[in-house]
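Asker: Positions in the sequence shown are counted from 1; adding 72 to them yields the working numbering. Even glycine gets a Cβ: it sits at the ideal position worked out from N, Cα and C. Predicted, not measured: the structure shown is a model, and the values here were computed from it.
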Amino acid sequence: MRIFDPHIHMTSRTTDDYERMAAAGVRAVVEPAFWLGQPRTNPGSFTDYFDSLVGWEPFRAGQFGVRHHATIALNPKEANDPRCRPVLDLLPRYLEKDGVVAVGEIGYDSMTPEEDDVFAAQLAMAVAHDLPALVHTPHRDKARGTERSLSVVAESGIDPGRVVIDHLNEVTVEIVRDSGCWAGFSIYPDTKMSPPRMVELLRRYGTERMLVNSAADWGRSDPLLTRATGEAMLLAGFSDDDVDRVLWRNPVEFYGQSGRLDLTDLDAPEPTFEGNSILRGGS
73 MRIFDPHIHM TSRTTDDYER MAAAGVRAVV EPAFWLGQPR TNPGSFTDYF
123 DSLVGWEPFR AGQFGVRHHA TIALNPKEAN DPRCRPVLDL LPRYLEKDGV
173 VAVGEIGYDS MTPEEDDVFA AQLAMAVAHD LPALVHTPHR DKARGTERSL
223 SVVAESGIDP GRVVIDHLNE VTVEIVRDSG CWAGFSIYPD TKMSPPRMVE
273 LLRRYGTERM LVNSAADWGR SDPLLTRATG EAMLLAGFSD DDVDRVLWRN
323 PVEFYGQSGR LDLTDLDAPE PTFEGNSILR GGS
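1. Report, in whole angstroms, the separation of the C-beta atoms of Val-102 and Val-199, which I expect to be a contact under 8 Å.
2. Buried or exposed: Glu-150, going by 16 or more other Cβ atoms within 10 Å of its Cβ?
3. Can you grab the Cα-Cα spacing for the pair Pro-164 / Thr-209, in whole Å?
4. Can you check the segment 196-280 for any alpha helix (DSSP H) of at least 4 residues that lies completely inside it and give the ranges in chain order?
5. Short check: CB of Val-138 to CB of Ala-94, under 7 Å?
6. In this structure, how does DSSP classify Pro-185 when only helix, strand and coil are distinguished?
7. Work out the CA separation of Gly-176 and Pro-261 for me, nearest whole Å.
8. Tell me the DSSP bridge mates of Pro-148?
9. Given a threshold of 16 other Cβ atoms within 10 Å of its Cβ, counted over all protein chains shown, does Leu-125 qualify as buried or as exposed?
10. Which of the three DSSP states is assigned to Asp-77 in this structure?
11. Roughly how far, in whole angstroms, is the beta-carbon of Thr-323 from the beta-carbon of Leu-283, given that I think they are within contact range, below 8 Å?
12. Over the uninterrupted beta strand (DSSP E) stretch that includes Val-173, give me the two end residues.
13. Can you tell me the Cα-Cα spacing of Ala-133 and Phe-122, whole angstroms?
14. Is it true that the segment 305-318 meets the segment 265-284, where meeting means three or more beta-carbon pairs spaced less than 8 Å apart?
15. Would you mind working out which of Thr-87, Pro-295, Val-190 sits nearest Val-159, comparing C-alpha positions?
16. Of the choices Pro-78, Leu-108, Asp-88, whose alpha-carbon is the least far from that of Trp-290?
Structure (structure tokens):
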């Protein structure tokens, strides 16, 4: 089973996670820029974070044979903080980086006017930079947030086939499917979506334009739940090809629209990076 996790926050995970993921069949990941759990007080902290997403994290993933790409954005939660608004001026230079395959996470947290403005501005950047967009739906009032997100996407003029609406559930999946956008599902231990529920959604709606991710971060989450979903699909009677479509070919198709997805030489021997001080625990 080959797995491409299209939404996972490896900045929050340990190298042990990379090792476990690689052993479970995870060969590629996309890491969206997100809220780190504590308010950032100036745009410079975002610069350091974005640099890490396009530099350090691909190196760290590569030690375990995992290919790492990123999406870059000002996240919805911090869009409400005026100290963070200048981050919008930083984004264009990062949206031209080779390893950046979409604008994201963008969308809504509390559905404020500030979030409206930042969401629309970043969708315009996705169009300008010819990139797909990854849209976060709010944890509270998800149905209304999803409907509002789809309205903003429609107003932006971006091709809906270049947009994934993420963190969906049984209530929101149908309106997203009808919109032409891709449907994203985050498999979590207690909340959001579980492997058995995901299997039922795949039975009902099929496997096309469906993305399954772990969204693993600093909260209670599990980077191996993509694998668990694939195993649940097989037990439910889905074929190996169905599993490969959902866990590999779909994310490749979606992020491949960026023209920057590099999955060459995935079967090459694991790099050793001999002599690197990080591998010796040095500074």
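Answerer: Let me spell this out:
1. That pair is no contact at about 20 Å.
2. Glu-150 counts as buried, since no fewer than 16 other beta carbons sit within 10 angstroms of its beta carbon.
3. Within the model, the alpha-carbon separation for Pro-164 versus Thr-209 is close to 23 Å.
4. Listed in chain order, the complete alpha helix (DSSP H) runs (minimum 4 residues) inside the segment 196-280 are 214-228, 245-251, 267-277.
5. Ala-94 is positioned such that its CB atom lies closer than 7 Å to that of Val-138.
6. Residue state, collapsed to three classes: helix.
7. The C-alpha of Pro-261 lies about 24 Å from the C-alpha of Gly-176.
8. Looking at the DSSP assignment, Pro-148 forms no beta bridge with any residue, so it has no partner.
9. Buried, by the Cβ-count rule.
10. DSSP places Asp-77 in the strand class (E or B) of the three-state scheme.
11. First, the residue type needs correcting, since residue 323 is Pro and not Thr in the sequence shown. Confirmed, about 6 Å.
12. First-last of the beta strand (DSSP E) with Val-173: 172-179.
13. Per the coordinates, the alpha-carbon of Ala-133 lies some 16 Å from the alpha-carbon of Phe-122.
14. With three or more CB-CB distances shorter than 8 Å, the segment 305-318 counts as touching the segment 265-284.
15. Relative to Val-159, the option among Thr-87, Pro-295, Val-190 whose CA is nearest is Val-190.
16. For the residues Pro-78, Leu-108, Asp-88, the minimum Cα distance to Trp-290 belongs to Leu-108.
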